[in-house]
Every structure is written in C-alpha cells, then in structure tokens.
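Just below is one structure, and these are the notes that go with it.
Number of protein chains: 4
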Amino acid sequence: MSEPTAMTGPGAPAGRRGRPRDAAVGTAVIETVLRLLEEDVTVAELSMERIAREAGVGKATVYRRWAGKEALMLDVLRSLDEEAGPRLTGGSARDDLVALLEFLRRRGLAKRSSAVLRTVVAQVRTHPRLWAEYHDTVVRARREAFDAVLRRGMAEGEIRADLDTELLTDLFVSPMLSRALFHERSELPEGLAERIVDTLLEGVRPAAR
Amino acid sequence: MSEPTAMTGPGAPAGRRGRPRDAAVGTAVIETVLRLLEEDVTVAELSMERIAREAGVGKATVYRRWAGKEALMLDVLRSLDEEAGPRLTGGSARDDLVALLEFLRRRGLAKRSSAVLRTVVAQVRTHPRLWAEYHDTVVRARREAFDAVLRRGMAEGEIRADLDTELLTDLFVSPMLSRALFHERSELPEGLAERIVDTLLEGVRPAAR
Amino acid sequence: MSEPTAMTGPGAPAGRRGRPRDAAVGTAVIETVLRLLEEDVTVAELSMERIAREAGVGKATVYRRWAGKEALMLDVLRSLDEEAGPRLTGGSARDDLVALLEFLRRRGLAKRSSAVLRTVVAQVRTHPRLWAEYHDTVVRARREAFDAVLRRGMAEGEIRADLDTELLTDLFVSPMLSRALFHERSELPEGLAERIVDTLLEGVRPAAR
Amino acid sequence: MSEPTAMTGPGAPAGRRGRPRDAAVGTAVIETVLRLLEEDVTVAELSMERIAREAGVGKATVYRRWAGKEALMLDVLRSLDEEAGPRLTGGSARDDLVALLEFLRRRGLAKRSSAVLRTVVAQVRTHPRLWAEYHDTVVRARREAFDAVLRRGMAEGEIRADLDTELLTDLFVSPMLSRALFHERSELPEGLAERIVDTLLEGVRPAAR
DNA sequence: TCGTAATCGAGACGGTACGTCGTGTCTTGAG
DNA sequence: CTCAAGACACGACGTACCGTCTCGATTACGA
C-alpha cells in the first residue's frame, strides 16, 4: 500500500515512544475487507463494527489508522492498484493501447478486483475529498500512461495529431471502464481490448474514405 | 415515472377497499429527496427519518411504498428519466447521435440531475437487484435508441455494417457518461457531443484514408 | 352491560338519523377481549388494532364507542359484575359475610374472571377517571352490601357496635381480594371464606378471654 | 438494591475484559424514573425513549441492563424496598405487628413511594415472570417478617396457636396494602395500624368472651 | 531494570437511524 | 349516519452502527 489516508498507516506514526503499531493489523483489516467483498457482502453491509470483529481487531485500533469507513475503503481501493501496470512494448502505439486496456479488462475479470471496483468506487465517489485523492493518485497515473502513449503515437504519425489527448483517453478508457464497473463480467470477453482500439483507430464511417 | 419498485408506488396497491393511497405523498417524498440533494445534502445525511420529516410524511407511509432507502432512490433516479428524450431529426445518423449525446450532456449539466446522478447512482449501484431493475428500464431504453440510430446508419451506408452495435453504443455513450458521473461539470463543455461523434466516425488514425 | 363509558355504548347514541349502530358490534368487541384474555394474551399485547382485527370490526367503529383502550377495559371489567350478586340468607350475619366472600372467591377461580381481574384492574387503576368510575359503580356496590350486613349484625348483637364499618369491610374483603388479584388460583381453596370470617369474628388472641 | 433483573444490573455482567459498566448509569436511570413519576408523569408517557433522554443516557445502554420497560420497573420497585424495614422492639407481638403495618402505612403516604407503588405495581403485575420475581424477593421478605412475629406470638401465648400463619399474615397485611394501592392517601390516617391489629386481636364478635 | 508511553482486544458509552407496530383520525365505497 | 378496510401523521419499540472512551494487558524505548 502507498501512504494511507489521514492518520498515516500501519507503521508507527513517527518517532514516538511507546509500543509501536503492529503492522499486521493494517494488513489484516484490508485483507478482511477484501475477503468479505469477495464473499458477496454488500458494501452497505460492511460496517466498521463487522470489519473489526471479523478481523479480530479492536474498533479503536481501526479508527487509529483510518478516519472512517470511506478512508479505509480508499486504501482498499489503492491496494488493488499496487500491482505493476502493464509492460509496454514500446513498439506500435496500437499495441500499447491494447496492452493498457487489456490490463483493465483483466482486472475487471478478477473476482477480487471486480467486487471492489463495482461497489467501493461508488462509495468513494460520494466523498469529494477521498475521490479527489483517489483520482490524484490512481486515476491520474492511468491517464498519464495513456497520454504518453498517445503523444508518442502522434509523434510517430500513428495517431492524428489534431486531437485532444484528454478526449482521446476518454474514448479509449471509458468503454472498458464502464463495462467493468456497470456490466456483468460476461461483457468483458477476450479480444475486447483489440476491438475497442481498432474500431477507434479505423473509425466508424465506412470504407469509401 | 414508470411503474415503481416493489410495493408499487403512489397508486393503490391492488385491492380497492379502504382509504386509497394519497398520490401526493409519493410526489412529495421524491420531490423532497431531489430538493435535499440539490441543497448539497450528503447521501449519508439522507436518512429515511429525515426525508419523511422534511416531506411532512409519516415514516410508515414511506415504507408502505418503498422497501427501503435504495428502492426509493431507484424511483428518484427514474423520475429523472421521465423527461422526454431528444427529438431525433431522422436526418443523418451523425446528427441523431449528436442529439442523443447532447441530451446526456445537458442532463449532466443540470444541477438537479447532476447532483442526483452522482450520488444516487452510487447508492443504487450497491444493490444488485435494484441496479438490474434500473438497467432494465432506463438504461436499456437509452441503449435501444442508440441501437436504432446505428442500425439505420448502417442500412443507409453512413456507418460500417461490420461492427457490433453493442460495442458501438458503448463507444459513443460511455465517454459522455463517464464525464457526467466521475468528472467535474466543467468537463462537459459545449461541442463535446459533436467532438465525440465526429472523432469516432472519422477514426483516430491519420490521413491515409 | 350497564351504560358504557363516554361515547355511550352499543345502542344508537340518541335520536340521530342515518344507519343505526349495530348492537352486535359492541358485544363482539367485549367478547373478543375476554376470549383473548382467557387465551393468556397479556394486557400489554392487547392492542386496539388486534382487538378490532380479531373481532372482525373496523378500528374506527371501536373508537366510536370507547374513547380508548382503558375505557374499553373498564366496560370489560364491568361486564363481569353484571351477574347477580350472592343471595343472602338474611339469617346470621356470619353466614351472609361468608356468602359475600364466597362469591368473590368463586369469581377469582373462574378462568375468565380471574384473567380479567388480574390484569385489567391493574390497567384501569392507572387511569384516575376510569378507576373512579369503576369504584363508584362496582366497588361501591360491593362495599355497601358488606356495610348493610355488618350494620344488621351490629343491630342484632352479632357484631361489635363500637367498630367502624368502613374498616371492618376492609378487614373482611381485602384478604380475599388480595389473593384473587395477586396470588395463584391455588390460594383460593374451598373453605377460605369461612376461615376468614370466623377468624375475624373470634379474634386472634387466645382463649383465656 | 438487591441483584437486578436479567441482564444483571449496573455492575459488570460477567467477563472482565473491556470497559466496565458505569455504575452511575444504573442509578441515574432509576432516579430519573422516580423523578418522572413524582412529577405525575403517566405510566403511558413513561417511554424508554424519554427515560433515556431525560437521564442523559443512550437507549442501548438502558437495554444493556434491562430487558425492557417492565424489567426496569421491577428494579425501580425494588429500589423502594431497600430502605431498612422497621425496627422491631422484640417486646409484645402486638407492638411488632403494629410496627410492621405502620411501616407500610408510612411508605404508602410518602409521595415518592406512593406514586411508584400505584403505577409501577400495575405495570409489573401484567408480566407474570417479573411479578413472580418481585414476589420472591420483596413480598416474601415482608411475609416472612410477619410470619416470624406471629410464630413468636404463638410461642409466647399472645396469639392463638391453632391458626395458619399464612392466612394470618394476609389478614394483617392486606387491609393496609389494599388501602395503599387502591385508595386515596387520606385513607391511611394515623392510628390505622393500631386499629387493624387490635381489631384482629380482639375479634369482631362482641362481649361474651 | 525499571518506569513511561503508546499499542492491543474488548466492550461500554451517548447518539442517530433503522424498519416495525400501535394510536387515534381520516377517507374511501357500500349499506 | 353506520360499517370494514385501510391510509395517514405521529411516536415508541428494540437493534445495529457510529466514533469515542475506558479497562487490563502487552511491548517497546529511554533513564
């Protein structure tokens, strides 16, 4: 996990004296949340009370690390994005775009990730401060990866240079994201990444052009 | 509003004996929720208790019509989609697609709709059954409108006929939707609909064509 | 039943026009309460809602006749005292006192009466106006019967004339009443009336006198 | 107060881990009930909600100690019987009987006790299990005190030895109790205890003896 | 080797909301 | 005007969580 939210995370808060924080506690809590979400526990049924109970941890201990349920959820969300992003070939922009989308598709398919994404994102979304924080770290990084690939593609003549990369990123990312967040897993079939990228590259207007 | 949730809405439930339900109650409740959301009341502060109190309605009366907060939110959500969809010119597919997206953009800009969309969607999203219900009514209708326009465009040679309309719909809709749900209002500038449609039509690959 | 409480009872209220009251309704309600009490339904579980439901009667109809649960209970209570009191021999005062107490004992034994007495009295007790009303009708009549017998006994030299009949009535009645109201049915054995009366007559101080 | 009801009272429940119960809470609640009853608050107006609010205590905290309103009332009732019973002279049985009854009379006169007795007894009475519990503790103790005095009186020839002490206890206690519970305070005049005891000792039959 | 100090699990605490039920009133259509 | 049915505003019920607060026990660091 990166740096936790407000109270600082599992490690000791600084150079204090006294019993140091047990790093295992932070892990146990986040793992418990993930486990419960995998077991189809609704986010609405996910009370701090229950999380602490199932993690075998005191409630105060949880609040010592996170300011509230949403702050905890933010860290849960971030824990998913710790895995290294996709390796980019550095070859054609088309292949890199496919790789980036394929990464999103695979994450949407993984039971763990998908459960979290589908429910937790909705929760964090409703807390402006936390959403901003999530956006600034995870989302921004993802967009910047796209941005970089797109700019390189423009430079190398593979992508039209007269287009806004912000808009382009949305055109590529949002179809995959919307399926991962709002649809069934069955709507993330193999080859989807390629189809999205290629359709966008070719355009929807027929041949004749 | 279409047919309400489970307990059936403001109208009489089935039998006809006894005092009939007061249709004004259903309206008052939904209007109250919309008002509170416009007043920047957090979803967390939106208790059934408060809704009933501010609507001047008994709590039991609310529960007589909706099974819970989320079911109520579903109807609130549906109430937003009652407004007539966009008039389609029946002219070029391109113009109809723009019209459909422009409708979404305008709704995302409207204070009322936007506040509700951002928060209520999050609530309904966490309840699979309700989300499915929302999807089956509102979302499906929207997708079918796109589907119809796309098929007509294919028939008339304006759209490539070798593409899956499901995927195409996602390509057109999700960029606009994702901005409405996840970004700031400032990211729904005028002309966005045209830019999305035209970029998709032309394709992202440069020149040669 | 004597005259009901406030709204006047089962008969039509006076010389009104319109559909006359159904006398069967009043009966049905009181019978239903008695039946439920016999079935060991606590008085706390006895809601107006349930009474009306089980009597197959509209709630408003009940409220048209009684001002509330306690007023209804008062009438239920009174319905028990409609049975003719004990036949007094007019012979010795001792035998009449025994007869009066024996009547109370038998009523305390009867399942129906006992259930009502044990629970309903407690309820009515907490409503000063209703208690006064009950006292003025049922209780006063009982005390006056004792009073008459005692005065006759005094006149005929069977009872000490230097005692207050109010106090004497309490001495005779309250032991039986307290067992009927607060103890088990098993504590109302045959012969209890005689033992109370005779002990009181003889006195508790030993022989020597 | 003796041992509270079911959940056990103000003290810790069993285990020893966790924050111990605050003894002040139990006291505050019972005192609040007594205060409200003294302020002529009807038993119907005595909601758990209000008790908790006025005691400045969380509702859950009340329910942690008492299973319901009636169980709480039982403890309120018991709190009245904590005051030391009357000092018995150990002299004549007659004087001890007077002292015991005089104690009951005074309690019936005290505003606090009287208000509680009249209303709380009614509540507890309607719950067989709680009434039994009250009976087994408070009432039994009172009866045993009478029983002891009576047996001593019998042994010393002051009381007829051929009588059942159970019945005798009822003969002495119930007249005073019935006035305390069912009559006005004015019917507990000074000297009442003596009159009851002496009348019972002498007997009601005149002269001849 | 001792405090001193922050940690831990446990669980009580004052609140607030939950969803249900009962109260007494009302509003239907039928008689 | 009555009736059964049942909706209505209100408010209490008993439960569950929230975030805070003690407890006793544990575990480091600095004196």
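Residue numbers (the numbering used here), protein chains in the order written: chain A, 1 to 209; chain B, 1 to 209; chain C, 1 to 209; chain D, 1 to 209.
Every residue, glycine too, gets a C-beta built ideally from N, C-alpha and C.
Remember, it's a predicted structure, so these values are computed and weren't measured experimentally.
With a cut-off of 7 Å, does the C-beta of residue i fall near any C-beta of chain D?
i, result
"P189(C)", "no"
"R125(C)", "yes"
"G203(C)", "yes"
"A122(C)", "yes"
"R140(C)", "no"
"P20(C)", "no"
"S47(C)", "no"
Contact defined as beta carbons within less than 8 Å: I believe residue i pairs with residue j. What is the distance between those atoms, to the nearest angstrom?
i, j, result
"E158(D)", "S79(D)", "No, E158(D) and S79(D) are not in contact; Cβ-Cβ is about 35 Å, not under 8 Å."
"S123(C)", "E70(C)", "For clarity, residue 123(C) is Gln in the given sequence; the question names Ser instead. 6 Å between Cβ atoms; contact."
"R160(D)", "R112(C)", "That pair is no contact at about 38 Å."
"G203(C)", "L200(D)", "7 Å"
"T126(D)", "T119(C)", "5 Å"
Would you kindly work out how many angstroms separate the C-alpha atoms of residue i and residue j, rounded to a whole number?
i, j, result
"R94(D)", "L117(D)", "27 Å"
"A132(D)", "P128(B)", "51 Å"
"F146(C)", "S178(D)", "16 Å"
"E49(B)", "R152(A)", "55 Å"
"R35(C)", "L74(C)", "16 Å"
"R107(D)", "M176(D)", "11 Å"
"A193(B)", "P20(A)", "55 Å"
"L163(D)", "E156(D)", "14 Å"
"Y134(D)", "E144(D)", "14 Å"
"R17(B)", "W66(B)", "21 Å"
"S47(D)", "G68(D)", "10 Å"
"K59(D)", "E184(C)", "35 Å"
"V197(C)", "A44(C)", "36 Å"
"L72(D)", "A24(D)", "15 Å"
"I30(D)", "L168(D)", "35 Å"
"D40(C)", "A52(C)", "18 Å"
"T212(A)", "S174(A)", "For chain A, the structure presents residues 1 to 209; residue 212(A) sits outside this window and is missing."
"G191(C)", "G90(C)", "20 Å"
"A180(A)", "V121(A)", "11 Å"
"L130(B)", "V57(B)", "24 Å"
"D81(D)", "R64(D)", "24 Å"
"G26(C)", "L37(C)", "17 Å"
Have a look at the options and flag the residue whose alpha-carbon is nearest the alpha-carbon of residue i.
i, options, result
"V149(D)", "V138(D), T165(D), Y134(D), H135(D)", "T165(D)"
"S114(A)", "F182(A), I196(A), A23(A), T199(A)", "F182(A)"
"V76(D)", "A28(D), L171(D), P189(D), A44(D)", "A28(D)"
"V139(A)", "P189(A), T32(A), G85(A)", "G85(A)"
"L188(B)", "R105(A), L188(A), D170(A)", "D170(A)"
"D22(A)", "E102(A), I51(A), V62(A), D162(A)", "V62(A)"
"M154(B)", "K59(B), L97(B), E31(B)", "L97(B)"
"S186(A)", "Y134(A), A110(A), I196(A), A141(A)", "A110(A)"
"L88(A)", "A24(A), A44(A), R142(A)", "R142(A)"
"A55(D)", "A180(D), D40(D), T32(D)", "T32(D)"
"R195(D)", "L130(D), A180(D), D81(D), E102(D)", "E102(D)"
"R105(C)", "F172(C), L37(C), G26(C)", "F172(C)"
Say whether chain B places a C-beta atom closer than 7 Å to the C-beta of residue i.
i, result
"A44(A)", "yes"
"T119(A)", "yes"
"R87(A)", "no"
"G56(A)", "no"
"T5(A)", "Confidence at T5(A) is low in this model, with a pLDDT of 39, below 50, so the placement of that residue should be treated as unreliable; the coordinate-derived value is given next. Chain B contact via Cβ: absent."
Kindly indicate if chain A contains any beta-carbon less than 7 Å away from that of residue i.
i, result
"R160(B)", "yes"
"L171(B)", "yes"
"L200(B)", "yes"
"S113(B)", "no"
Is the Cβ of residue i closer than 7 Å to any Cβ of chain C?
i, result
"D40(D)", "no"
"L72(D)", "no"
"S174(D)", "yes"
"S92(D)", "no"
"S186(D)", "no"
**Request:** Please go through the region 10-72 of chain A and give each complete alpha helix (DSSP H) segment of 4 or more residues, from N-terminal end onward.
**Result:** 23-38, 48-55, 59-65
**Item:** Complete alpha helix (DSSP H) runs within the region 117-164 of chain A (minimum length 4 residues, chain order)
**Value:** 128-134, 140-155
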